[in-house]
Structures are given as C-alpha cells and as structure tokens.
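>
Residue numbers (this note's numbering): 62 to 176.
1) Let me know the secondary structure DSSP gives residue 140 once reduced to three states.
2) In the structure shown, what three-state DSSP assignment does residue 134 receive?
3) If we call anything under 8 angstroms between Cβ atoms a contact, is residue 160 one with residue 144?
4) Do residue 156 and residue 120 have their CB atoms nearer than 8 angstroms?
5) In three-state terms, what does DSSP make of residue 83?
6) Please identify the residue among 113, 124, 98 and 97 whose C-alpha is closest to the C-alpha of residue 147.
7) What does residue 121 pair with, by DSSP beta-bridge criteria?
8) Whose CA, out of 139, 111 and 122, lies closest to the CA of residue 102?
9) Rounded to whole angstroms, what's the CA-CA distance from residue 115 to residue 132? Just pull it up for me.
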C-alpha cells in the first residue's frame with residue numbers, strides 16, 4: 062500500500078521522471094525541479110502530486126497527442142490557479158509550473174555578458 066497522496070509506480074507506466082538540480086541563481090531557493098514527459102492525460106496525477114508538495118514541475122508535452130496535450134494544459138492551468146502558483150511556457154509544448162511563493166529568474170545581465 063502506498064502513502065496517501067503519493068502516486069503509484071506501476072511497471073506498465075511509461076513515464077520518465079528526471080530530477081534536475083538548478084544552480085541557486087536560477088531559482089530563489091535553489092530548488093529541485095521535476096521534469097515530467099507524460100504520454101497521456103492519465104498521468105496528470107503525477108504533475109498534481111509534485112506541484113501540490115511544493116516541487117516546481119517542468120511539463121514536456123511534446124510526445125503527447127494534440128487533444129490530450131490541450132487537456133493537460135487546461136488541467137495544469139487550473140491547478141496553478143487554484144494553488145496560487147505560476148505557469149510559463151518554456152518552449153512549444155513545454156511548460157514550467159511554479160508553486161506559490163517560488164519564482165524562477167534568468168541570469169543577471171553581468172552573467173550574460175560573460176557568455
């Protein structure tokens with residue numbers, strides 16, 4: 062039996078989850094992000110689980126069929142609105158969901174000049 066509120070880990074699921082450690086200047090807290098590449102709308106549970114526990118989520122919908130991708134974006138927008146967070150598009154079909162009280166920021170102008 063799994064703990065309440067934690068998604069299952071069924072072997073039949075084709076989900077890919079990656080932990081990405083961002084440098085402290087990228088996020089105010091130096092938080093760990095979860096990158097999820099869902100294959101269908103049924104995997105919305107995992108986005109909701111991580112987001113509700115305060116983990117920023119990068120949602121990559123590039124491998125999802127168009128209709129389900131639109132449903133997923135609607136779900137994510139409702140989740141973010143209901144929890145007081147923020148949602149940004151990083152690339153076509155790739156979104157960043159930030160929980161309430163967290164903010165991502167780009168590099169400082171000085172850092173860009175060094176590149």
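Here a beta-carbon is modelled for each residue, glycine too, at the ideal position from N, C-alpha and C.
Short version:
1) Here residue 140 is taken as the residue at index 79 of the chain shown, counted from 1. Residue 140: helix per DSSP, three-state reduction.
2) If you number the chain shown from 1, residue 134 lands on position 73. Assigned with DSSP and collapsed to three states, residue 134 falls in helix.
3) Residue 160 sits at position 99 when you count from the first residue of the chain shown. Residue 144 sits at position 83 when you count from the first residue of the chain shown. Yes, these two residues count as a Cβ contact at 8 angstroms.
4) Start at 1 with the first residue of the chain shown, and residue 156 comes out as number 95. Start at 1 with the first residue of the chain shown, and residue 120 comes out as number 59. Residue 120 is positioned such that its CB atom lies closer than 8 angstroms to that of residue 156.
5) Residue mapping note: residue 83 aligns to position 22 of the chain shown, counting from 1. Because residue 83 carries a pLDDT of 42, less than 50, the predicted location of this residue cannot be relied on, and no value is offered for it.
6) As a first step, residue 147 must be located in the chain shown, where it is residue number 86. Here the closest residue by C-alpha is 113.
7) On the chain shown, position 60 is the one that residue 121 refers to. Listed as beta-bridge partners of residue 121 by DSSP are 155.
8) What you label residue 102 is simply residue 41 of the chain shown in a count that begins at 1. Of the listed residues, the one whose Cα sits closest to residue 102 is 122.
9) Reading the chain shown from its first residue, position 54 is the one you call residue 115. Reading the chain shown from its first residue, position 71 is the one you call residue 132. Using only the alpha carbons, I get a separation of about 22 angstroms.
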